[in-house]
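Before any comments, here is the structure.
2 protein chains.
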Amino acid sequence: MCQDGAVATRTQRSPRRTEALSRERIVEAAVELLDTTGESGLTFRVLTERLATGPGAIYHHVANKGELLTVATDEIVAAALAVEPLASSPQDRIRAVALGLFDAIDAHPWVATQLSDSGWQATTPRILESIGRQVGALGVPEDDWFITTTVLMQYILGAAAQNAANARHVGPDANRAELLGAMAAEWAELDPGDYPFTRAVVGQMRDHDDREQFLAGIDLVLAGITALHLTGRQAAVHREP
Amino acid sequence: MCQDGAVATRTQRSPRRTEALSRERIVEAAVELLDTTGESGLTFRVLTERLATGPGAIYHHVANKGELLTVATDEIVAAALAVEPLASSPQDRIRAVALGLFDAIDAHPWVATQLSDSGWQATTPRILESIGRQVGALGVPEDDWFITTTVLMQYILGAAAQNAANARHVGPDANRAELLGAMAAEWAELDPGDYPFTRAVVGQMRDHDDREQFLAGIDLVLAGITALHLTGRQAAVHREP
DNA sequence: ACCTGAACACCGTTCAAGT
DNA sequence: ACCTGAACACCGTTCAAGT
């Protein structure tokens with residue numbers, strides 16, 4: 001979908017050897033299956049065959065399919081966040097962390113569904129921590145840490161999920177331009193009376209670049225943080241009484 | 001739902017029998033099932049029983065389970081967006097639309113998963129259109145319409161999805177304070193060396209109000225829009241070279 | 001302790017047959 | 001055209017039995 005998803009892949013693949021079954025090997029096989037065949041491709045039957053065992057053996061190391069998915073997701077996210085951003089400004093470090101997550105989810109679209117379904121559980125603290133530190137470094141007052149970081153995280157996951165869904169709908173092989181073209185064609189056929197705005201932005205949607213768009217969104221949120229939490233007063237946006 | 005209106009014309013012993021099977025009745029039953037028993041509760045077996053037919057009859061009106069979910073989701077979203085916001089400022093109308101979606105997704109948590117998985121397809125244009133009109137009214141230049149509206153939509157769906165996931169994890173009956181308390185307790189047990197930020201915001205997370213938090217996020221994005229797209233210059237946020 | 005593999009309950013979907 | 005319901009292929013999970 002996006003560019004080269006150069007996310008650290010495991011190199012060593014042990015051939016036929018009857019390496020002892022372990023939690024790690026199971027999760028590794030699950031991730032590989034998810035990446036290559038999608039969410040519906042992860043099956044205890046296939047997993048069993050891949051690992052040359054029976055289902056009972058897998059259940060001896062993992063509680064159930066849900067835990068397997070949770071652990072697999074956590075592993076991907078942890079790897080994506082493990083890269084310490086070197087940029088000098090907190091803003092740029094936030095951009096780096098955000099992009100790292102975006103690319104990881106783009107490379108492993110099934111992670112998006114899993115993260116969306118987990119709420120505040122599981123891997124959420126990892127993400128919160130990584131972004132939150134930069135929010136602190138930004139100079140946001142401590143009382144605003146939680147809202148600020150949460151908004152960033154929710155935008156990142158929302159945008160990444162949407163992007164991943166697009167990628168999932170066409171499969172890893174398909175052409176990006178074709179996909180956008182097909183969608184643009186659909187939008188162009190919407191009733192002009194009901195969808196004037198959508199039709200007006202068809203061109204922008206057809207031509208947009210996912211990563212660029214995502215970064216523009218991050219910049220927008222950062223600008224909002226600056227306006228609302230880094231100046232002395234509650235500027236810019238005001239509500240009706 | 002309950003057809004209590006027509007009485008004397010026909011003596012019906014069996015509860016709801018008779019009424020002709022239709023796409024509408026099927027979708028209606030599916031929504032009810034999803035709302036009361038969750039995503040895993042929607043089954044062709046149960047649906048079949050509820051509607052007093054065989055599976056074949058349902059497949060005569062609906063292509064498959066996926067279509068059923070898509071249509072059900074579209075119905076909920078359409079209903080949520082049907083309420084025309086009366087607020088006088090575009091900002092307040094955006095808040096109204098956003099809150100309408102948030103509440104709808106909160107009431108029907110399964111909608112979140114469905115929307116996250118749909119990408120730019122299906123009901124996306126509805127949401128884009130509704131928010132986009134207000135973005136236009138805001139005075140955002142046409143070239144920025146797509147990014148601006150997209151960011152708003154992605155934040156809304158991301159936040160609503162996270163909220164829905166939390167709700168889903170405890171069930172409709174459970175106590176909200178208990179849930180947050182339990183999560184706060186979990187966070188408080190994280191390694192202080194690895195999670196200093198997360199531990200620092202435990203209190204804020206325990207005490208936060210979901211809707212208030214969501215609206216604060218909308219305000220933050222609106223402030224970003226104001227800063228980046230409603231002033232003459234590219235202010236506030238600047239990148240490193 | 002770790003693994004095997006048949007078996008169980010359940011799922012979405014199909015289809016020949018009825019009206 | 002619309003519906004019936006048995007049947008099919010497949011799923012996650014269990015468990016008595018083996019080593």
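Chains W and F, in that order, are what the protein sequence lines are. Mapping of the first sequence onto the UniProt record's numbering: position 115 corresponds to residue 115, and the numbering continues sequentially without gaps. Mapping of the second sequence onto the UniProt record's numbering: position 89 corresponds to residue 89, and the numbering continues sequentially without gaps. Beta carbons are placed, not taken as given, at the ideal position from N, Cα and C, and that holds for glycine. Small disclaimer: the values here were computed from a predicted structure and weren't measured.
Subject >> Against chain W: residues of the stretch 117-139 of chain F by CB proximity under 9 Å >> reply: Asp117, Ser118, Gly119, Trp120, Gln121, Thr124, Pro125, Arg126, Leu128, Glu129, Ser130, Ile131, Gly132, Arg133, Val135, Gly136
Original post:
Whose Cβ in chain W lies nearer than 8 Å to the Cβ of Val201/F?
Top reply: Along the second sequence, one-based indexing puts residue 201/F at 201. Within chain W, the residues near Val201/F are Leu128, Gly132, Trp145, Phe146, Thr149.
Subject >> Assigned exposure category for Ala185/F - 16 Cβ within 10 Å defines buried >> reply: Here the question's residue 185/F lines up with position 185 in the second sequence. By the neighbour-count rule (16 or more Cβ atoms within 10 Å), Ala185/F is not buried but exposed.
Original post:
How close, in whole Å, do the beta carbons of Leu21/F and Thr53/F come, if the pair is a contact with beta carbons under 8 Å?
Top reply: Walking along the second sequence from the start, residue 21/F turns up at place 21. Walking along the second sequence from the start, residue 53/F turns up at place 53. Yes, they are in contact, since the Cβ atoms of Leu21/F and Thr53/F sit about 6 Å apart, within 8 Å.
Subject >> Inter-residue CB distance, Ala87/W and Ser116/F (contact presumed, cutoff 8 Å) >> reply: Here the question's residue 87/W lines up with position 87 in the first sequence. Here the question's residue 116/F lines up with position 116 in the second sequence. Not a contact, Cβ separation roughly 30 Å.
Original post:
Going along the chain, which residues of the stretch 205-235 of chain F sit with their C-beta nearer than 7 Å to a C-beta in chain W?
Top reply: Met205, His208, Gln213, Ala216, Gly217, Asp219, Leu220, Val221, Leu222, Ala223, Gly224, Ile225, Thr226, Ala227, Leu228
Subject >> In chain order, each alpha helix (DSSP H) run of at least 4 residues that lies wholly inside the stretch 99-141 of chain F >> reply: 110-116, 124-138
Subject >> Residues of its chain near Val237/W, where Cβ-Cβ distance is below 7 Å and the 5 sequence neighbours each way are ignored >> reply: One-based indexing of the first sequence puts residue 237/W at position 237. Residue confidence is low: Val237/W scores 39 on pLDDT, short of 50, so the model does not pin down where it sits. Its coordinate-derived value is still stated next. So the list is empty, once near-sequence residues are dropped.
**OP:** Reducing DSSP to helix, strand and coil, say where Ser40/W ends up.
**Re:** Counting from 1 along the first sequence, the entry for residue 40/W is found at position 40. Residue state, collapsed to three classes: helix.
Original post:
Closest Cβ-Cβ distance between Asn64/W and chain F: below 7 Å?
Top reply: Here residue 64/W refers to the residue found at position 64 of the first sequence. So no, Asn64/W is outside the interface.
**OP:** Would you check if the stretch 151-158 of chain W and the stretch 143-155 of chain F touch, i.e. whether three or more CB-CB distances between them fall below 8 Å?
**Re:** yes
**OP:** Find the nearest neighbour of Asn163/W within the set Asp106/W, Ile94/W, Glu49/W, judged by alpha-carbon distance.
**Re:** Counting from 1 along the first sequence, the entry for residue 163/W is found at position 163. Nearest of Asp106/W, Ile94/W, Glu49/W to Asn163/W, Cα basis: Asp106/W.
Original post:
Are the stretch 214-227 of chain W and the stretch 135-152 of chain W touching by the rule of at least three beta carbon pairs closer than 8 Å?
Top reply: yes
Original post:
How many Å lie between Glu75/W and Glu39/W at the Cα?
Top reply: As a first step, residue 75/W must be located in the first sequence, where it is residue number 75. As a first step, residue 39/W must be located in the first sequence, where it is residue number 39. Using only the alpha carbons, I get a separation of about 16 Å.
Original post:
With respect to the alpha helix (DSSP H) encompassing Tyr59/W, which residues constitute its N-terminal and C-terminal limits?
Top reply: As a position in the first sequence, residue 59/W is number 59, starting the count at 1. Run containing Tyr59/W: 55-61, per the alpha helix (DSSP H) assignment.
**OP:** Can you tell me which of the three DSSP states Gln231/F falls into?
**Re:** On the second sequence, residue 231/F is found 231 positions in, with the first residue counted as 1. Sequence inspection shows Thr at residue 231/F; the Gln mentioned does not correspond to that position. The answer is coil: DSSP assigns Thr231/F none of H, G, I, E or B.
Original post:
Which chain W residues are close to Thr113/F, counting only those with a beta carbon under 8 Å from its beta carbon?
Top reply: Here residue 113/F refers to the residue found at position 113 when the second sequence is read from its first residue. Those are Thr113, Ser116, Asp117, listed as they occur along chain W.
**OP:** Examine the Cβ distances between the stretch 225-232 of chain F and the stretch 131-148 of chain F and report whether three or more of them are shorter than 8 Å.
**Re:** yes
Original post:
Apart from the five residues on each side of it in sequence, which residues of its chain come closer than 8 Å, Cβ to Cβ, to Asp44/W?
Top reply: To locate residue 44/W, count along the first sequence from 1; it is residue 44. Going by the sequence as given, residue 44/W is Phe instead of Asp. Same-chain partners within the cutoff: Pro55, Ile58, Lys65.
Original post:
Of the choices Ser118/W, Glu32/W, Gln91/W, whose alpha-carbon is the least far from that of Ile225/W?
Top reply: To locate residue 225/W, count along the first sequence from 1; it is residue 225. The candidate whose alpha carbon is nearest that of Ile225/W is Gln91/W.
Original post:
Would you report the Cα separation of Asp210/F and Ala188/W, rounded to the nearest angstrom?
Top reply: Your numbering for residue 210/F matches position 210 in the second sequence. Your numbering for residue 188/W matches position 188 in the first sequence. Answer to the nearest angstrom: the Cα atoms are 37 Å apart.
Original post:
Taking buried to mean at least 16 other C-beta atoms within 10 Å of its own C-beta, is Gly139/F buried or exposed?
Top reply: To locate residue 139/F, count along the second sequence from 1; it is residue 139. By the neighbour-count rule (16 or more Cβ atoms within 10 Å), Gly139/F is not buried but exposed.
**OP:** Count the other C-beta atoms from every protein chain shown that fall within 10 angstroms of the C-beta of Gly193/W, then say buried if there are 16 or more, exposed otherwise.
**Re:** Along the first sequence, read from residue 1 onward, the residue named residue 193/W stands at position 193. Flag for Gly193/W reads exposed.
**OP:** Look at the Cβ atom of residue 273/W, then the Cβ atom of Val97/W, and state whether they are nearer than 7 Å.
**Re:** Outside the modelled stretch of chain W, which goes from 1 to 241, sits residue 273/W, for which no answer is possible.
Original post:
Expressed to the nearest angstrom, what Euclidean distance is found between the alpha-carbon atoms of Ala223/W and Pro141/F?
Top reply: Sequence index remark: in the first sequence, residue 223/W carries index 223 (1-based). Sequence index remark: in the second sequence, residue 141/F carries index 141 (1-based). Spanning the two alpha carbons is a distance of roughly 17 Å.
**OP:** Determine, using beta carbons only, whether Pro59/W comes closer than 7 Å to chain F.
**Re:** By 1-based counting over the first sequence, the position of residue 59/W is 59. Checking the sequence shown, residue 59/W turns out to be Tyr, not Pro. No, no contact with chain F.
**OP:** Pull up the distance between the alpha-carbon of Arg10/W and that of Ala78/W, whole angstroms please.
**Re:** To locate residue 10/W, count along the first sequence from 1; it is residue 10. To locate residue 78/W, count along the first sequence from 1; it is residue 78. Because Arg10/W carries a pLDDT of 35, less than 50, the predicted location of this residue cannot be relied on, and the following value inherits that uncertainty. About 15 Å.
Subject >> 7 Å Cβ cutoff met for Pro85/F and Thr198/W >> reply: Position 85 of the second sequence, counted from the first residue, corresponds to residue 85/F. Position 198 of the first sequence, counted from the first residue, corresponds to residue 198/W. No, the Cβ-Cβ distance between Pro85/F and Thr198/W is not below 7 Å.
Original post:
CA-CA distance, Leu33/F and Val135/W?
Top reply: In the second sequence, residue 33/F corresponds to position 33, counting from 1. In the first sequence, residue 135/W corresponds to position 135, counting from 1. Each residue's alpha carbon lies about 42 Å from the other.
Original post:
Starting from His208/W and walking both ways along the alpha helix (DSSP H), at which residues does that stretch end?
Top reply: The count along the first sequence starts at 1 and reaches residue 208/W at position 208. Element bounds for His208/W: n/a, residue is neither H nor E.
**OP:** Pull up the CB-CB distance for Thr73/F and Thr123/F, whole angstroms please, since I reckon it's below 8 Å.
**Re:** Residue numbering aside, residue 73/F sits at position 73 when the second sequence is read from its first letter. Residue numbering aside, residue 123/F sits at position 123 when the second sequence is read from its first letter. So it is a contact: roughly 6 Å between Cβ atoms.
Original post:
First and last residue of the alpha helix (DSSP H) that includes Ala52/W?
Top reply: Looking up residue 52/W in the first sequence gives position 52. Segment: none, Ala52/W is in no alpha helix (DSSP H) and carries neither H nor E.
Subject >> Reference Arg50/W, options Gln204/W, Phe102/W, Glu19/W, Gly181/W, closest by Cα >> reply: What you label residue 50/W is simply residue 50 of the first sequence in a count that begins at 1. For Arg50/W, the nearest C-alpha among the options comes from Glu19/W.
Original post:
With 7 Å set as the bound, which would you pick, yes or no: does the beta-carbon of Asn166/F sit closer than that to a beta-carbon of chain W?
Top reply: Locating residue 166/F in the second sequence gives position 166, where the first residue counts as 1. Judged by the 7 Å Cβ criterion, Asn166/F is in contact with chain W.
Subject >> Alpha carbon of Ala190/W to alpha carbon of Val27/F, nearest angstrom >> reply: Within the first sequence, numbered from 1, the residue matching residue 190/W stands at position 190. Within the second sequence, numbered from 1, the residue matching residue 27/F stands at position 27. The sequence shown places Leu at residue 190/W, rather than the Ala named in the question. Their Cα atoms are separated by approximately 24 Å.
Original post:
Between Met205/W and the rest of its own chain, which residues show a CB-CB distance below 8 Å, the 5 nearest in sequence each way excluded?
Top reply: On the first sequence, position 205 is the one that residue 205/W refers to. Answer for Met205/W: Leu180, Met183, Ala184, Trp187, listed in chain order.
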